[in-house]
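See below for the structure under consideration.
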Amino acid sequence: MASDDILKGKKILVVDDEPDILETLEELLDECDIETAA
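Just so you know, our numbering puts 14 at position 9 of the sequence shown, and the rest follows in order with no gaps.
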C-alpha cells in the first residue's frame, strides 16, 4: 500500500480546546488532501 493511500477514505475527528491547534491541524490535513469540515 502506498503511503498516500493510508488515509484515503478515512474520516478523522480532531477535538481540541485551543483554536490555534485546530487551525494548524486543519492546514496539515488540507496539505494531505484530506477534506475537513469547519
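Every residue, glycine too, gets a C-beta built ideally from N, C-alpha and C.
Nearest to residue i by alpha carbon, out of the options?
{"i": "D21", "options": "I11, L30, I39", "result": "L30"}
{"i": "A42", "options": "D25, L18, P24", "result": "L18"}
Express the C-alpha separation of residue j and residue i in angstroms, rounding to a whole number.
{"i": "K15", "j": "E36", "result": "15 Å"}
{"i": "K13", "j": "I26", "result": "23 Å"}
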